[in-house]
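Novice: Heads up: the sequence shown begins at 396 in the numbering used here, then just goes up one per residue. For glycine and all other residues, C-beta sits at the position ideal for the given N, C-alpha and C. Computed from a prediction, not measured in an experiment: that's the story for all the values here. Shown below is the structure under consideration.
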Amino acid sequence: MKPRSRKWRAAAVALMVVAGAVAWMARGRRAFEPVAPPSDGPPPPAPAAFAATVPALTLAPGPAPSGMVWIPGGEFSMGAADPRGLEHGGHEPMSDARPIHRVYVDPFWMDATEVTNEEFERFVKATGYVTVAEQKPTREEFPTAPLANLKAGSVVFTPPSVEVPLDDHYRWWSYVAGASWRHPEGPGSDLRRRGRHPVVHVAYEDAVAYAAWAEKRLPTEAEWEFAARGGLSGKLYPWGDDLKPGGRWAANIYEGRFPIRGADLGEDGHVGVAPVGQFSPNAYGLYDVAGNVWEWVTDWYRLDYYATLGPGVARNPRGPADSFDPAEPTEKKRVHRGGSYLCTEQYCTRYMIGTRGKGEVRTGSNHLGFRCARSASARAGV
Ligand SMILES: [Ca+2]
Ligand SMILES: [Ca+2]
């Protein structure tokens, strides 16, 4: 029997109007939190304490595995200052990204891009793997749901046609029967001309399964941030502190009035998801660490995790032993990083590099993907 943690699926299965309707209107349930609601939060903290990144002087042990780049490892300051009040800083305090603390990570390899549909398709063809979103919910998982509502599916951005308050993400997210990595917007959508798009609708276990097949693993949150910072320290973005360096967009995020249908202006060149690698890489050669799709990392999510690390340098931290999000204390969540094509300073600025997202482990969506890592010492696997 699968864990009964798929609250989004559970509620959707229980409440979905079967006759073709896919919108889930279960107000009050907050199992899926692709972006956090606005919050006044606490007053801004003392100025951030970033110190210089000190990359290790470790040379790559050999040629880079296909599609991967060398991340030298080293010591850096992890976390994010409160961005409120900064130009383009948004309105969220990002308190889970503090205190800013010192971390050391060993060197490793990392995928230069998010895992693409064509890569994921090779995995599925080789293994016959069936993702969580493609699995029909069972009577054992959802004993009280009507049988007719037990339909496989996933969560899809479904923008409203009019402006809505930004305090309820169910206004623009729906559980769509038939949505999966093969059908990103649900039945009727497919992967034609999307081979180089990042794969989406992957649950955490799907990403882990792919990584194992590829003889890789998912990165820890600390590895992800060290890599995304590219040797810089305390910058707001992987490229520096200017959201539009030289007046040019540097990542696939959302421009326009969020989340109204048709309001994404695509000023960065892309309305919705983009093929990987459309913007300049960071100094380590990583593409789309800010924006495009969110990326799973291995750490459990706890709001207070950084506060538990204490003084000194945390060496290769792997996250807390368990998950705890006060907003949804019964959900088991792991960390998401990097923001997505739906992130905007109006609502969620988590393309800012030290900031954190999170999600229930068996819930995917059409703006959540992943990329893999490989330990420097590993010949295969981890
Ligand atoms: Ca865009
Ligand atoms: Ca990304």
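Going straight from the alpha carbon of S556 to that of R566, what length do you get?
Specialist: C-alpha separation (whole angstroms): 10 Å.
Novice: Cβ of N677 within 7 Å of any heavy atom in ligand 1?
Specialist: No, ligand 1 has no heavy atom inside 7 Å of this Cβ.
Novice: How big is the Cα-Cα spacing for E514 and A609?
Specialist: Their backbone Cα atoms lie some 10 Å apart in a straight line.
Novice: Comparing alpha-carbon positions, which option in P494, R766 and P541 lies nearest D601?
Specialist: Nearest option by C-alpha distance: R766.
Novice: Measuring CB to CB, does P372 end up less than 8 Å from T511?
Specialist: Residue numbering for the chain in the displayed model covers 396 to 777; residue 372 lies beyond these limits and cannot be assessed.
Novice: Beta-carbon separation of A677 and A617 under 8 Å?
Specialist: Sequence inspection shows Asn at residue 677; the Ala mentioned does not correspond to that position. No, they are not a contact pair.
Novice: In three-state terms, what does DSSP make of V688?
Specialist: In the structure shown, V688 sits in coil (DSSP, three-state: anything other than H, G, I, E or B).
Novice: Identify, in the order they occur along the chain, each residue of the same chain with its Cβ nearer than 7 Å to the Cβ of G474, setting aside the five sequence neighbours on each side.
Specialist: Only A492, R493, P494, I495, H496, Y701 and G749 meet the Cβ criterion.
Novice: Can you tell which of A476, T553, S575 and L681 has the C-alpha that lies nearest to the C-alpha of A658?
Specialist: Checked all of A476, T553, S575 and L681; the closest Cα to A658 is T553.
Novice: Of the residues P721, T453 and D636, which one's Cα is nearest the Cα of G484?
Specialist: Considering only alpha carbons, the answer is D636.
Novice: For the structure I just gave you, are there three or more beta carbon pairs, one from the segment 731 to 738 and one from the segment 681 to 693, closer than 8 Å?
Specialist: These segments touch.
Novice: Would you decide whether S675 is buried or exposed? Buried here means 16 or more other CB atoms lie within 10 Å of its CB.
Specialist: Classification for S675: exposed.
Novice: Just to confirm, does N711 get its C-beta within under 7 Å of one of the non-hydrogen atoms of ligand 1?
Specialist: Flag unset: Cβ of N711 not near ligand 1.
Novice: When we look at the beta-carbon of N647 and count the other beta-carbons within 10 Å, is it buried (16 or more) or exposed?
Specialist: N647 comes out buried.
Novice: With 16 as the cutoff for other CB atoms within 10 Å, does K753 come out buried or exposed?
Specialist: Buried: at least 16 other Cβ atoms inside 10 Å.
Novice: What do you reckon, is the C-beta of M500 under 7 Å from a heavy atom of ligand 2?
Specialist: Per the sequence presented here, residue 500 reads as Val, with Met not at that position. No, the Cβ of V500 stays beyond 7 Å of every heavy atom of ligand 2.
Novice: Closest by CA to K531, which one among G573, G707 and G469?
Specialist: The residue with the shortest Cα to Cα distance from K531 is G573.
Novice: Consult DSSP for R729 and reduce its assignment to one of helix, strand or coil.
Specialist: In this structure, R729 counts as strand in the three-state DSSP scheme.
Novice: My output table needs one value for R341: the three-state DSSP class, helix, strand or coil.
Specialist: Past the boundaries of the shown model lies residue 341; the chain is included only from 396 to 777, so the question cannot be answered.
Novice: Mark L545 as exposed unless 16 or more other C-beta atoms lie within 10 angstroms of its C-beta, in which case mark it buried.
Specialist: L545 comes out buried.
Novice: Since R697 sits in a beta bridge, which residues does DSSP pair it with?
Specialist: R697 is bridged to F719.
Novice: Does at least one heavy atom of ligand 1 sit under 7 Å from the Cβ of N647?
Specialist: Flag set: Cβ of N647 near ligand 1.
Novice: If you drop the 5 nearest sequence neighbours on each side, which residues of the same chain put their C-beta closer than 8 Å to that of G581?
Specialist: Counting only Cβ-Cβ distances below 8 Å, and skipping sequence neighbours, we find V417, G548, V551, V571, A572, G573 and A574.
Novice: Look at the alpha carbon of G629 and the alpha carbon of T539, and state the distance between them as a whole number of angstroms.
Specialist: About 50 Å.
Novice: Report yes if the C-beta distance between W504 and R769 is below 8 Å; otherwise report no.
Specialist: Result yes, Cβ atoms of W504 and R769 sit closer than 8 Å.
Novice: Verify the contact flag: Y746, CB atom, against every heavy atom of ligand 1, threshold strictly below 7 Å.
Specialist: Not under cutoff, so the answer is no.
Novice: To the nearest whole angstrom, what separates the beta carbons of V500 and F621, a pair I think is in contact under 8 Å?
Specialist: Sure, about 5 Å apart at Cβ, within 8 Å.
Novice: Report the start-end ranges of each alpha helix (DSSP H) in the segment 586 to 659 that is 4 residues or longer and not cut off at the edges.
Specialist: DSSP runs (the alpha helix (DSSP H)) wholly in the segment 586 to 659: 599 to 608 and 616 to 624.
Novice: Relative to the C-alpha of Y742, which candidate in G480, D562, E482 and S461 has its C-alpha closest?
Specialist: The option with the nearest alpha carbon to Y742 is D562.
Novice: Kindly indicate which three-state DSSP category G415 falls into: helix, strand or coil?
Specialist: Confidence is the limiting factor: at G415 the pLDDT is only 26, short of 50, which leaves the residue's position unreliable, though a coordinate-based value still follows. Of the three classes helix, strand and coil, the one that applies to G415 here is coil, per DSSP.
Novice: Within the continuous beta strand (DSSP E) that includes V500, where are the two ends?
Specialist: Note, V500: beta strand (DSSP E), H496 to V500.
Novice: According to the neighbour-count rule (16 or more other Cβ atoms, all chains shown, within 10 Å of its Cβ), is P836 buried or exposed?
Specialist: Residue numbering for the chain in the displayed model covers 396 to 777; residue 836 lies beyond these limits and cannot be assessed.
Novice: Quick check: is any heavy atom of ligand 4 less than 7 Å from the C-beta of E509?
Specialist: Within the structure as shown, ligand 4 is missing, the only ligands being ligand 1 and ligand 2.
Novice: How would you call S718, buried or exposed, if buried means at least 16 neighbouring beta carbons within 10 angstroms?
Specialist: So S718 counts as buried.
Novice: For E389, does the count of other Cβ atoms within 10 angstroms reach 16, so buried, or fall short, so exposed?
Specialist: The question about residue 389 has no answer here: the residues shown for the chain are numbered 396 through 777.
Novice: The alpha helix (DSSP H) spanning R517 covers which residue range?
Specialist: Segment N512 to T522, the alpha helix (DSSP H) holding R517.
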